[in-house]
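Residue numbers (my numbering), protein chains in the order written: chain A, 1 to 364; chain D, 365 to 771.
Below: the structure, in C-alpha cells.
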Ligand SMILES: Cc1cc2nc3c(=O)[nH]c(=O)nc-3n(C[C@H](O)[C@H](O)[C@H](O)COP(=O)(O)OP(=O)(O)OC[C@H]3O[C@@H](n4cnc5c(N)ncnc54)[C@H](O)[C@@H]3O)c2cc1C
Ligand SMILES: Cc1cc2nc3c(=O)[nH]c(=O)nc-3n(C[C@H](O)[C@H](O)[C@H](O)COP(=O)(O)OP(=O)(O)OC[C@H]3O[C@@H](n4cnc5c(N)ncnc54)[C@H](O)[C@@H]3O)c2cc1C
C-alpha cells in the first residue's frame, strides 16, 4: 500500500498552506484534491482580498493561490489531483478514487481541509435548471469562462452574494436584483456600494416565492416579509430572469470527519456542526487534524493560518520540530489568527472559535 | 411505581413483533428501548425473508412458518412493509459448490421447500445480469423480502394501537428478583413492577442476562453492506451465492484467504427506487460497527464476479450491522427455568427479519398459555438457553473476539 507521513485532504488555501509548512519542516507530505487544479476556492477569487496587509489584502485571490502552488512545488510536496477521498478507515488509511480507479494511502497524520459547501433553499421550482449556487456560478465564469445566464436574480446579500453579483456583471450578465430576507445587508458596505452604483436594486426583507418555468427558469416571483419573517400578501412581484443564484451561506464539509469518528459540537455562527479541535487543530482523534472552512466557515486568510498551524503541529508530532521552535511558530500564527478575528465581522467568529476550543477542554 | 404484566427490553424487530402479538391478546405490555425503534441491528440489515438460507431442520421449519405469516401482516398493519414474494436464486460458481448445494437442496425439499437446481442457461434466462462464468444456481419461488425498518415500525404502531406502552430513549439498568422470581425492571427513569421480562436486545442480550446472573452465549457478527446509486431494473428477486451459505454455516470451509477471513458472500437485491444493496461480510470484531476499506473492496470484487454490470455502478453509501450470533446459529427462545419470569428472545443471527413473525407468536404464547400451541409443533428444547449448558461461554466469547459487555 502507498504510504506517506502527512496526508492532506483538500488543496484549498488551508490544505496548501498546511502542505507548505509541513514540508518546510522536512515531513513527507501528500496533498489530495478532487479537482483537476489545486487551489480550492482561491482560483475563482479574481477580486482583491480584504483583510490586513500581512494577509495580502489587496492581492487578488488567485495570485495567492499561484504563490502557494509554487511553494509546494519547490518543496517537493506530492500533489494528487482528480483524487476524491471517499473514506478514512482504520490505521489512518485513506481511500480515494483517482482516474476512475480505487486507491488506498496510509498516513501517519491526516489533515482534513475539505472546505465548505453551499447551502440550498427550497421553494417551488427550485429544481429547475437555472437555479444554482452563487459559488457555482462564480466557478463557471471565472474558471471555465462560461456565462450561466443573461438575466440573474441573486439571493443573499453576504459577501459571496455581493461579490459574485459584481463579477457576473463584469462577465456580461445583467443582475436584475439582489434580494435579502433579513432587514439589512449582510456583507461589507464597500461591496454593496459597488453594485448599487452599478444600478442593481437590493431589496431587503424580501424572499423568493417561486421560480417560474417548465424546462428551465423563465422568471421568478418574489415577495416581502414582515418583522416576523412572514410573507406579506399582495407584495408579489415577478422578475424576468433566466438564472437564480443562491448565496445563502455555506456549511462545513464534515462527512470525512464524522466518518473517521471525530467528536462534534454545534455552533451556528460557524455553519452548524463543526469538529471539535484543540489549539493544534488536532481533533478528538489523535493524529487527525482539521483546518480551514471545515472547522467553521470563515475566510481564506484564516483558512491559511489554520492550515499553517496544522502543518507545524503535525510536523512537530512527528519529531520534525523541537517543542520550543514549534511553540514559537504556533504562537506567531495564533497572534495573526486572533488579529484576523477582530472588528465588527470578526468578533462573533472569535467568540465562536473560543467556544469550539472550550468544547475540547470540557471533553479532556 | 408503574406496573405491567410484561416488560419487553428492546425495540428492534423481535421486541416489536412480540409486543404486537401480546397486544393483540390484550396482555398489559411495556417496551423499553434505549435509543429508538429499529436503531439497532434491525435498522442496519438486508431485506431478505429467505427460506433457502436456512439449515434444513428446525431452522427451516421456523422460517417456513414465519413466512406464512407475512401476507397477513402486510394486510393488517397500517404501514406498508413492502412484502414481496418474488423468489431467490443462489448462484453456484464451481463444481465443489454444486455438490454441496445439491445435498442442501435435497434436504430442504424433504421439509417442503419448493426449490430446484438450474443450469447456467436456465439461471441466466431468469437473471440476465449473471456472468457467463457461473455454473448454475438454485431457485425457489417461495423466497420473499420485506423492508426491515418499515416492518419494525409497522409492528410498533400495531402494538401501540393494541394498547402496548413504549418508553423510547429509556435504558434498562437492572432487574430485581424476589425469591428468585422476576419482580421489577429498573430503568434510568424509574422502576416498573412486572411478572415477565422479555430479553429482546439482540447483541446486547448478554448484558441484560448478567443482571439476573445468566451468562448468555451471544456475540456480535458484523456484516458490511454497500448501497449504490439507483439504476434501471437489473436484479430480479433476491440473489445470493453458495459462498454466502458456507460463510453463514461453515465458514471454516471457505479457506484462509482475505475473502474467507472476512466471510464474504453475496447477498444482492434491488430496491423499489433502483438502488442496489450489495452484501456482505461475516466478521467477529466485537462491538465495532465501522466499515473497512478491505471488506468493501472484497464485497464488490466478489459481486462483480457474479454480476459484471456492478463494475459500472457508483457506490453512494456503506454501513455495518451486528448480527446476534449463538454457537449453533439458532435463536434462544423461551423462559429460563433458573429465573422464573425471565424470557429469552434473542440471537437470531442473520435471520431476525425472516423469523420475527414466528418469534412474536411463540413468545406471546409462552407468556399467555405457558407454551407454544400444539399446532405450531415446535420442539422448544432445541431453542432453549439450556441447550448450551455444556458450552464454555467465556471461551466462546473470547474465541469470537468479544472481550467486553456492551453497556
Ligand atoms: C464568492 C466568495 C468570495 C470570497 N472572498 C473572500 C475574500 O475576499 N477574502 C477571504 O479571505 N476569503 C474569501 N472567501 C472565503 C474563502 O474562499 C474560503 O474561506 C476559503 O477558500 C476556505 O479555504 P479551505 O482551504 O478551507 O477550503 P476550499 O478553498 O473550499 O478548499 C477545499 C478543497 O478541498 C477539496 N475537497 C473537498 N473534499 C474533498 C475530498 N473528499 N477529496 C478530495 N478533495 C476534496 C475541494 O474540492 C477544494 O478544492 C470567499 C469565498 C467565496 C465563496
Ligand atoms: C448486514 C446484515 C444483514 C442482515 N440481513 C438480514 C436479512 O436479509 N434477513 C433477515 O431476516 N435478517 C437479516 N439480518 C439479521 C437481522 O437484522 C437481525 O437478526 C435482527 O435485526 C435482530 O433483531 P433484534 O430485535 O433481536 O435486535 P435489534 O434490532 O438490535 O434490537 C435490540 C434493541 O435492544 C435495545 N437495547 C439494548 N440494550 C438495551 C437496554 N439496556 N435497555 C433498553 N434497550 C436496550 C437496542 O437499542 C436495540 O434497539 C441481517 C443482519 C445484518 C447485520
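Where is the CB? At the ideal position from N, CA and C, for every residue including glycine.
- The DSSP assignment places complete beta strand (DSSP E) segments of no fewer than 3 residues inside the segment 152-211 of chain A at 174-179, in order along the chain.
- Between the C-alpha atoms of residue 155 of chain A and residue 42 of chain A there is a straight-line separation of about 22 Å.
- Residue 621 of chain D: not part of any beta strand (DSSP E); DSSP gives it neither H nor E.
- For chain D, the residues of the segment 82-95 of chain A that bring a beta carbon within less than 7 Å of one of its beta carbons are 87, 89, 90, 93 and 95, in chain order.
- Close CB contacts of residue 76 of chain A within its chain, under the 8 Å cut and outside five residues either way in sequence, are with 23 (chain order).
- Taking a C-beta distance under 8 Å as the contact criterion, residue 164 of chain A and residue 245 of chain A qualify as a contact pair.
- Proximity of residue 625 of chain D to chain A, defined by a Cβ-Cβ separation below 8 Å, is not satisfied.
- Taking one beta carbon from each stretch, the segment 337-354 of chain A and the segment 527-545 of chain D have fewer than 3 pairs nearer than 8 Å; the two do not touch.
- Within the DSSP secondary-structure output, residue 413 of chain D pairs in a beta bridge with D:508.
- Taking every protein chain shown into account, the CB of residue 581 of chain D has 16 or more other CB atoms within 10 angstroms, so this residue is buried.
- Where residue 604 of chain D is concerned, the enclosing beta strand (DSSP E) starts and stops at 602-605.
- When the beta-carbon positions are compared, residue 553 of chain D and residue 534 of chain D come within less than 8 Å of each other.
- With respect to the 8 Å criterion, residue 742 of chain D and residue 433 of chain D are not classified as neighbours on the basis of their beta carbons.
- Comparing C-alpha distances from residue 684 of chain D to each of D:410, D:376 and D:372 shows the shortest one belongs to D:410.
- Between residue 149 of chain A and residue 135 of chain A the beta-carbon gap is near 15 Å, outside 8 Å, which marks them as no contact.
- With its beta carbon less than 8 Å from one in chain A, residue 656 of chain D belongs to the interface.
- In this structure, the C-beta of residue 568 of chain D approaches ligand 2 to less than 7 Å from one of its heavy atoms.
- At least one CB of chain D lies nearer than 8 Å to the CB of residue 104 of chain A.
- Separation of the CB atoms of residue 105 of chain A and residue 30 of chain A is rounded to 7 Å, and the pair is thereby assigned contact status at 8 Å.
- Residues of the segment 657-668 of chain D whose Cβ lies closer than 9 Å to any Cβ of chain A, in chain order: 657, 658, 660, 661 and 664.
- The closest CA to that of residue 309 of chain A, considering only A:172, A:169, A:330 and A:325, is found on A:330.
- For residue 698 of chain D, the uninterrupted beta strand (DSSP E) segment begins and ends at 696-699.
- Per DSSP, the continuous alpha helix (DSSP H) segment holding residue 18 of chain A begins and ends at 13-25.
- Three or more Cβ pairs closer than 8 Å define a contact, and the segment 452-462 of chain D falls short of that threshold against the segment 391-402 of chain D.
- For residue 298 of chain A, the CB falls within less than 7 Å of some heavy atom of ligand 1.
- With a cutoff of 8 Å on beta-carbon distance, residue 670 of chain D and residue 633 of chain D are scored as not near each other.
- Annotation for residue 409 of chain D indicates a beta carbon within 7 Å of some heavy atom of ligand 2.
- Counting other Cβ atoms within 10 Å of its Cβ, residue 511 of chain D reaches 16 or more and is therefore classed as buried.
- The Cβ atoms of residue 113 of chain A and residue 9 of chain A sit closer than 8 Å to each other.
- For the pair residue 624 of chain D and residue 618 of chain D, the CB atoms are nearer than the 8 Å cut-off.
- Residue 375 of chain D has its Cβ nearer than 7 Å to a heavy atom of ligand 2.
- Look at residue 247 of chain A here: in three-state DSSP terms it is coil, with no helix or strand label.
- Exclusion of the five residues before and after residue 262 of chain A leaves 275, 283, 284 and 285 as the residues of its chain whose Cβ lies within less than 6 Å of its Cβ.
- In the displayed model, residue 72 of chain A falls within a helix according to three-state DSSP.
- Measuring C-alpha to C-alpha distances from residue 709 of chain D to each of D:687, D:392, D:746 and D:696 identifies D:696 as the nearest.
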